[in-house]
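Residues in the sequence shown are numbered from 5 upward in steps of one, following our numbering. All C-beta atoms in this analysis are idealised placements derived from N, C-alpha and C, irrespective of residue type, glycine included. What you are looking at is a predicted structure, and each value in this text was computed from that prediction instead of being measured. Encoded as structure tokens, the structure appears first; notes follow it.
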Amino acid sequence: AGMEMPERDAQSAQRDKEAATLIDVMEMAAQFFRQKLTEGVGAEARAYLERRGLRGKTIDDFGIGYAPGDDRRDRTALLKYLKSKNVTLDQMAEAGLVIAGPDIAEPYDRFRNRVMFPISDARGRVIAFGGRALSADAKAKYLNSPETPLFHKGRVLYNLARARTPAHDDGTVIAVEGYMDVVGLAQGGIHNAVA
5 AGMEMPERDA QSAQRDKEAA TLIDVMEMAA QFFRQKLTEG VGAEARAYLE RRGLRGKTID
65 DFGIGYAPGD DRRDRTALLK YLKSKNVTLD QMAEAGLVIA GPDIAEPYDR FRNRVMFPIS
125 DARGRVIAFG GRALSADAKA KYLNSPETPL FHKGRVLYNL ARARTPAHDD GTVIAVEGYM
185 DVVGLAQGGI HNAVA
């Protein structure tokens with residue numbers, strides 16, 4: 005309509021580029037976790053999900069996966085995988101996937117031996133993870149991604165992208181406590197739940 009689009013400043017363009025790159029890193033991590041769930045190393049996680057009554061289709065629909073490793077032996081499975089995909093350590097740390105820094109002798113995976121729930125933004129892009137511990141002696145039963153350029157916990161609802169249309173159609177949103185509540189309701193045919 006004869007209007008010129010305003011020029012974007014260089015900083016804004018750079019932030020968008022970095023966010024897109026971090027989105028790519030998060031998607032690579034999600035693929036890694038989904039793959040590990042299907043392998044031998046994911047047997048305990050699959051058994052946990054089966055005990056919770058989740059079917060394969062539901063697990064696939066929600067992109068649930070498994071973060072291998074433990075506190076003693078293998079602490080770097082995801083780090084090694086992402087490195088093989090040319091992701092830098094700085095990108096992994098910025099995405100909240102690894103613990104690294106000047107006071108950390110050896111960087112390591114933030115999530116180890118956990119069932120992984122990808123957390124998406126309103127557009128359905130993976131921006132964070134919630135991990136449910138499989139070990140009874142884990143310090144935290146659930147561990148979420150830290151605040152990152154992509155993820156601000158107080159501004160994100162789990163399952164919002166998937167629940168938006170059913171909630172609109174139904175005129176109702178159901179707020180529940182956690183990931184498993186949302187997933188269980190969806191498996192039972194209730195698709196307008198968020199956590």
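Neighbour-count burial assignment, residue i, 16 or more Cβ in a 10 Å radius
i, result
"Lys89", "exposed"
"Gly57", "exposed"
"His195", "buried"
"Met190", "One point to set straight first is that residue 190 is Ala, not Met, in the sequence displayed. That one is buried."
"Gly100", "buried"
"Ala197", "buried"
"Pro106", "exposed"
"Ile108", "exposed"
"Arg55", "exposed"
"Ala71", "buried"
"Asp173", "exposed"
"Ala200", "One cannot answer for residue 200 here, as it falls past the ends of the chain, which runs 5 to 199."
"Arg59", "exposed"
Proximal residues to residue i (C-beta, below 7 angstroms), its chain only, five neighbours per side dropped
i, result
"Tyr52", "Val119 and Leu138"
"Pro150", "Gly100"
Candidates the options, of which the one nearest residue i by Cα
i, options, result
"Phe121", "Arg55, Asp107 and Ile131", "Ile131"
"Ala34", "Gln95, Ala171 and Arg129", "Arg129"
"Leu41", "Ile68, Glu151 and Ile108", "Ile68"
"Thr92", "Asp125, Leu154 and Val29", "Val29"
"Ala165", "Ala81, Asp65, Glu48 and Tyr146", "Asp65"
"Gly134", "Lys143, Arg127, Glu31 and Tyr162", "Tyr162"
"Ala81", "Arg159, Gly175 and Arg116", "Arg116"
"Asp141", "Asp74, Phe36, Glu43 and Ile63", "Asp74"
Beta-carbon contacts of residue i that lie in its chain and below 8 angstroms, excluding the five residues immediately before and after
i, result
"Leu76", "What sits at residue 76 in the sequence shown is Arg, not Leu. Taken in chain order, the list of residues that qualify is empty."
"Asp185", "Ala197 and Ala199"
Limits of the beta strand (DSSP E) - the one that residue i falls within
i, result
"Val119", "Arg118 to Ser124"
"Ile1", "Look at the range of the chain in this structure, 5 to 199, and you will see that residue 1 is not part of it."
"Leu53", "No beta strand (DSSP E) contains Leu53, which is instead part of the alpha helix (DSSP H) from Ala47 to Arg55."
"Tyr146", "Tyr146 to Asn148"
Own chain residues within Cβ distance below 6 angstroms of residue i, not counting five before or after
i, result
"Met96", "Leu86 and Val102"
"Tyr27", "Going by the sequence as given, residue 27 is Ile instead of Tyr. Correct list, in chain order: Arg129."
Residue i: first and last residue of the uninterrupted alpha helix (DSSP H) it sits in
i, result
"Tyr162", "It is not in any alpha helix (DSSP H) - Tyr162 carries neither H nor E in the DSSP assignment."
"Val180", "Run containing Val180: none; DSSP gives neither H nor E here."
Can you list, in chain order, the stretches of the beta strand (DSSP E) that have 3 or more residues and sit fully within the segment 66-100? 69-71
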